[in-house]
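Visitor:
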Amino acid sequence: MSGNTILVTGGASGIGLALAERFLKAGNTVINVSSGLAFTPMASAPVYSATKAAIHSFTMSLRYQAQKQNINVIEVAPPAVNTDLGGVGLHTFGEPLDDFADAVFAGFERNQLEIGYRMSERALRLSRDEIDETFQALNDRISGANH
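For the sequence shown, position 125 matches number 125 in UniProt numbering, and the numbering has no gaps at all.
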């Protein structure tokens, strides 16, 4: 990645919009974070999954539009990552944080436009039929774990 990189939240209005408009210049890079659940939604988290799918769709369209201005648009689609999200010891499942972060930076170095890791990398590459199969297996596994 060359040029500048900025993280903008609340890009639809206020300071986020002003920063985004100033930033959109040739050579810069926009990085959006979606989720592996953008591609194979988790039925127990429908709103989260849908918003991540919307980010994926938005990123694809933004990338197409921005290519005319030589602006890079990258999507990072994390899998479940073992972090202290919500408090220490509350989120103890998922991929190791350091391994995921290393994979993301390696993707930046390879100029990848879509970066996933393990489960989310596979989800990025699924065909229509594979999406249906993965959706069923994921949600059967999760609903079985909750019973």
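Glycine included, every Cβ here is placed at the ideal spot set by N, Cα and C.
Residue range of the alpha helix (DSSP H) that residue 107 falls in?
Guide: 97 to 109
Visitor: Taking only the alpha-carbon atoms, compute the straight-line gap between residue 44 and residue 87 and give it to the nearest angstrom.
Guide: 21 angstroms
Visitor: What residue range does the beta strand (DSSP E) around residue 40 cover?
Guide: Unbroken run through residue 40: none, as it is neither H nor E.
Visitor: Quickly, what does DSSP pair residue 77 with across the bridge? List them, please.
Guide: 116
Visitor: Please confirm whether residue 116 and residue 77 have their CB atoms less than 7 angstroms apart.
Guide: yes
Visitor: Can you give me the Cβ contacts of residue 123 inside the same chain, cut-off strictly under 6 angstroms, excluding the 5 residues immediately before and after it?
Guide: 36, 39, 40
Visitor: With burial defined as no fewer than 16 other Cβ atoms inside 10 Å of the residue's Cβ, what is the status of residue 92: buried or exposed?
Guide: exposed
Visitor: For residue 148, which residues in the same chain have their Cβ closer than 7 angstroms to its Cβ, ignoring the five residues on either side in sequence?
Guide: Here the chain covers residues 1 to 147 and nothing more, so residue 148 does not appear.
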